[in-house]
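Have a look at the structure below before the remarks.
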Amino acid sequence: MRQLRGAVAGTRPDMPRSTGRSRLPQAWLTAPKVGAGIGLLGIFVLLALLGPVIAPYDPSATGGEALAPPSLLHLFGTTATGEDVFSQVLTGARLSLEVGLVAALFGELLAVIVGVTSGYLGGLADEGLSAVNNVFLVIPVLPLQIVLVEYLGAQSWVVLALVIAATAWPHGARRLRAQTLSIRRRDYIQAARAMGEPNWRIIGFEIVPNLLAIVATGFLFQVTFAIVVQASLAFLGLGDPRQWSWGTILYWAGNNNAFLLGAWWWYVPPGLCLAFLGMGLALVNLGIDEVINPRLRGAGQVKDRLPAPATGPSAGPEPDKDAVLAIRGLRVEYATPHGSLQAVRGVDLTLRRGQVLGIAGESGSGKSTLAYAVTRLLKAPGRVVEGQVLYRPRDEGSQWVDLLKLPPEELRRFRWERLSMVFQAAMNSLNPVLTVSAQLIDTLATHRPGMTPAARVERAGELLDLVGIDRSRLSAYPHQLSGGQRQRVMIAMALALDPEVMIMDEPTTALDVVVQREILSRLVRLRQQLGITMVFITHDLSLLAEIADTIAVMYAGKVVEYGPARSVTRSPSHPYTAALLASFPSLHGRRRDLQGIRGVPPDLRALPGGCAFHPRCPEAVAACAERIPLLTALGASRQVACLMREPSAVAKLSSQQRAPLHAASAGGAEA
Ligand SMILES: Nc1ncnc2c1ncn2[C@@H]1O[C@H](COP(=O)(O)OP(=O)(O)O)[C@@H](O)[C@H]1O
Ligand code: SF4
Ligand SMILES: [Mg+2]
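Mapping of the sequence shown onto the working numbering: residues 589 to 1259, in sequence order.
Put into structure tokens, the structure is as follows:
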């Protein structure tokens, strides 16, 4: 059934269908904030369950010493009529929590029903439900609650909870409606529709489970809201003042001028209970947020720290005269909850002016991380731990600068003017409410303030000509363009300021083969026309044969083969390069049988010892599991990191070390 659905929708059946559902339980419980939050909540739940039982006195029993400060006899002191405050706090926990939970349960249920139904059904149903939602959003909540409680004479806490629920749902409903609007267009919902599933089933079994994490945060928010509202209403004297809750204690404390009398023990304990319970709920909520959006996890922990590189630009050997960009010893790591992983492990690469450097490798080999690090767009939890990215502007007499040390203002000018980028999903980053023309002109206006409006319009037209889109499309909105056209608009944008270097990270991967072919030919033409210097990243090595001058093949964060494109693609030296070539069809040339690369890319947190490729390598020998091959020269222009391509090293191997190694597990980590 799932497979059929994948086929219907054109999606992989094993693709994760939700952002939060499957990961919520494990990841959620291990987050430290959630642990602390659950701990606090646990204490209050225990209080609510046991409080009335373990309270040392009847909370309403008067007659003790009036306004006695805390003592061993009365831990939280006494009230003006001699009641024990500790017993009142213990007893009050239950009502506060009961109201919070019941109100949140009904409030969130209403939010789900209204929000999801309105987002999913759209049309008149959406308009009607949204109108009701909006009306509730603009009505001042507290006066409405007071009126309702007064009108219903809410002596019972259940009625009070229902009144709170009736006024608490609109914010949640709005959030869920927005999420549903985005989910309902996804492939698996379209597939469910195509398969004739009824609406109630799609809502209940396809949409709501995908919103569970959001529903959970909404629920916790509503618990907090309801507890605070209950306390506020009780403080105002609404509800039954003989039913003990933290709000009722505050009501009596306020009525008896506890503050003026200096009886802090009367109002501080219930106040603190409310604050700590709110804190516990907020911590759990934050934890859920981090699970829904894993990027939040590293935020604040790992900043864009750029430690001083080991050698300054002047200390190391000068890069080639014709080089424009030189990456040296670059190491990038990500902090993850299970330890850090090095995604780029000491990469050295040189980009020459007017040339295209192709970077190839399977998914997860560190290509994008390298691109983000070079352009200083790497976000937490990623950080550059070592290395240099040297750049020399084309201006006469200019010096090498280390991009990793560029101050923010210079970096802002440098990006796009000198170095522009097109990323894989770039076409989705076009602003949907602005025309193509407005977006191109915006870029020009930001970086070329001296340009006249007419010149900007003319330049926008020129840019569309360059990428082969008719000028009449200048007035089109992104949704009126095909995926290929949108990606070409992004390329036009990247060309807008005539940059010296363009970095393209899988610019054609999200497109079909025909459009991919079209864009590639366009880039080849642009290259000849404008002499662009480019880094072209792809997982499809055969593409690079057409566009690149030099190719670097990456595996597990390292360059394993480097050399002129023609020679690398015609006679690959590294077994991984050969396997990569054999696994993609060539856009040109003879047909050949495709062979996948056996095994899976390694886990970067626990790399196999020796050559990281050895568990998958058809040529591996015993020595491969022990020694880390270095990138060494192979002839005049090529470099390869493979022990078996070093005749002198092979000659020194014992017969045991030369024994073929059958792919097996490997322990240890590569240094
Ligand atoms: N934000 C992140 N947090 C943790 N690990 C990450 C993050 N981004 C990428 N990685 C890891 O870094 C490695 C390289 O990823 P990436 O540079 O995207 O590879 P590629 O572009 O070659 O597919 C992968 O193992 C990936 O899991
Ligand atoms: S060093 Fe050994 S395992 Fe690594 S690529 Fe070469 S032959 Fe294969
Ligand atoms: Mg990538």
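By construction, the Cβ of each residue, glycine as well, lies at the ideal position given by its N, Cα and C atoms.
Identify the continuous alpha helix (DSSP H) that holds Ile1347 and give its terminal residues. Residue 1347 lies beyond the stretch modelled for the chain, which goes from 589 to 1259, so this question has no answer here.
Based on Cα-Cα distance, which residue from Ser675, Leu838, Ala753, Gln778 lies nearest to Gly806? Cα-wise, what sits closest to Gly806 is Ala753.
Would Ser1292 and Tyr708 be called neighbours here (beta carbons separated by less than 8 Å)? Because the chain here runs from 589 to 1259, residue 1292 falls outside it and cannot be looked at.
What residue range is occupied by the uninterrupted beta strand (DSSP E) comprising Glu1149? 1146-1152 is the extent of the beta strand (DSSP E) around Glu1149.
Distance CB(Gly942)-CB(Thr1121) smaller than 8 Å: At the C-beta level, Gly942 and Thr1121 come within 8 Å of one another.
Here's a check: name, in chain order, each residue in its chain whose Cβ is nearer than 6 Å to the Cβ of Pro647, leaving out the five neighbours to either side. Closer than 6 Å at the Cβ level, and outside the excluded window around Pro647, lie Ser675, Gln676, Thr679, Trp832.
Rounded to whole angstroms, what is the Cα-Cα separation between Arg1115 and Leu1131? Looking at the two C-alpha atoms, the distance is approximately 15 Å.
State yes or no: is the C-beta of Leu1169 nearer than 7 Å to some heavy atom of ligand 2? Not so, every heavy atom of ligand 2 lies at least 7 Å from the Cβ.
Using beta-carbon positions only, say whether Leu1219 and Tyr1150 come within less than 8 Å of one another. The Cβ atoms of Leu1219 and Tyr1150 sit closer than 8 Å to each other.
How is Pro640 classed by DSSP in three states: helix, strand or coil? Note: Pro640 maps to helix in three-state DSSP.
Give me, in chain order, the residues of the same chain whose beta-carbon lies closer than 7 Å to that of Val729; leave out the 5 immediate sequence neighbours on both sides. Correct list, in chain order: Thr755.
Thr1097 (DSSP reduced to helix, strand or coil): Coil, per DSSP.
Consider the C-beta atom of Pro1235 and the heavy atoms of ligand 2; say whether any pair is separated by less than 7 Å. Pro1235 has its Cβ no nearer than 7 Å to any heavy atom of ligand 2.
Residues near Leu1054 by beta carbon distance below 7 Å, same chain, minus five either side: Excluding residues within five positions, the ones whose Cβ falls inside 7 Å are Ala1080, Leu1083, Leu1114.
Kindly confirm or deny that the region 1154-1167 and the region 1217-1236 touch, where touching means at least three C-beta pairs closer than 8 Å. Touching, per the Cβ criterion.
Runs of 3 residues minimum, wholly inside the region 1004-1086: which ones carry the beta strand (DSSP E) assignment? Runs of the beta strand (DSSP E) spanning 3 or more residues and lying entirely within the region 1004-1086 occur at 1007-1010, in chain order.
Pick from Arg919, Gly652, Phe1011, Leu1192 that is closest to Gly927, judged by C-alpha positions: Ranking Arg919, Gly652, Phe1011, Leu1192 by Cα distance to Gly927 puts Leu1192 first.
Whole-Å CB distance - Leu1052 paired with Thr1023, under 8 Å assumed: About 12 Å separates the CB atoms of Leu1052 and Thr1023; that is not less than 8 Å, and the two are not in contact.
Around ligand 2, Cβ to any heavy atom closer than 5 Å, ordered along the chain: Summarising the contact set, residues whose Cβ lies nearer than 5 Å to any heavy atom of ligand 2 are, in chain order, Pro1163, Cys1199, Phe1201, His1202, Cys1205, Glu1207, Ala1208, Cys1212, Pro1217, Cys1230, Leu1231, Met1232.
Element boundaries [beta strand (DSSP E), containing Asp936]: Note, Asp936: beta strand (DSSP E), 927-940.
On the premise that Asn721 lies in contact with Val702, defined as a C-beta separation below 8 Å, what is that separation, rounded to the nearest angstrom? Contact holds; Cβ gap of about 6 Å.
Could you tell me whether any non-hydrogen atom of ligand 3 is closer than 7 Å to the CB of Lys1146? Exclusion of Lys1146 from the 7 Å shell around ligand 3 follows from its C-beta lying no nearer than that to any non-hydrogen atom of the ligand.
Assess contact between the region 680-693 and the region 832-849, defined as three or more Cβ pairs (one per stretch) separated by less than 8 Å. Is contact present? Taking 8 Å as the limit for Cβ pairs, the verdict is that the region 832-849 does touch the region 680-693.
With distances taken between CB atoms, is the gap from Val972 to Leu939 smaller than 8 Å? Between Val972 and Leu939, the C-beta spacing is not below 8 Å.
For Pro1217, I'd like the list of residues in its chain whose CB is within less than 7 Å of its CB, leaving aside the five on either flank, ordered along the chain. If we look at Pro1217 and ignore the five residues flanking it on each side, its Cβ neighbours are Cys1199, Ala1229, Cys1230, Leu1231.
Span separating the alpha-carbon of Val1188 from that of Cys1205: The C-alpha of Val1188 lies about 11 Å from the C-alpha of Cys1205.
Less than 8 Å separating the beta-carbons of Leu799 and Leu869? Cβ atoms of Leu799 and Leu869: not closer than 8 Å.
Asp657 in three-state terms, based on DSSP: One detail in the question is off: residue 657 reads as Pro in this sequence, not Asp. Here Pro657 sits in coil by DSSP.
Put Gly594 into one of helix, strand or coil per three-state DSSP. With a pLDDT of 36 at Gly594, under the threshold of 50, the predicted position of this residue should be treated as unreliable, though the coordinate-derived value follows. In the three-state reduction of the DSSP assignment, Gly594 falls in the helix class.
What's the C-alpha gap between Ala898 and Arg1047? In this prediction, Ala898 scores a pLDDT of 39, lower than 50, which makes its location untrustworthy; the coordinate-derived value is nonetheless stated afterwards. Looking at the two C-alpha atoms, the distance is approximately 43 Å.
Short of 8 Å in beta carbon distance, which residues of its chain neighbour Ser1242, apart from the five on each side in sequence? Order them along the chain. Excluding the 5 residues flanking it on each side, Ser1242 has no same chain C-beta neighbour closer than 8 Å.
Glu686, enclosing alpha helix (DSSP H) - first and last residue: Residue range 673-709 is occupied by the alpha helix (DSSP H) that includes Glu686.
Would Phe1002 pass as a contact of Leu994 if the rule is Cβ separation under 8 Å? Yes, the pair counts as a contact, with Cβ atoms nearer than the cut-off.
Option nearest Leu748 by Cα separation, candidates Val735, Ile727, Thr1097, Ile1029: In this structure, Val735 is the residue among Val735, Ile727, Thr1097, Ile1029 with its C-alpha nearest to the C-alpha of Leu748.
Opposing strand residues paired with Gln976 [DSSP bridges]: For Gln976, which the question treats as bridged, DSSP gives the partners Arg916.
Based on Cα-Cα distance, which residue from Asp983, Leu945, Arg772, Val920 lies nearest to Thr957? Minimum Cα-Cα distance from Thr957 among the listed residues Asp983, Leu945, Arg772, Val920 corresponds to Val920.
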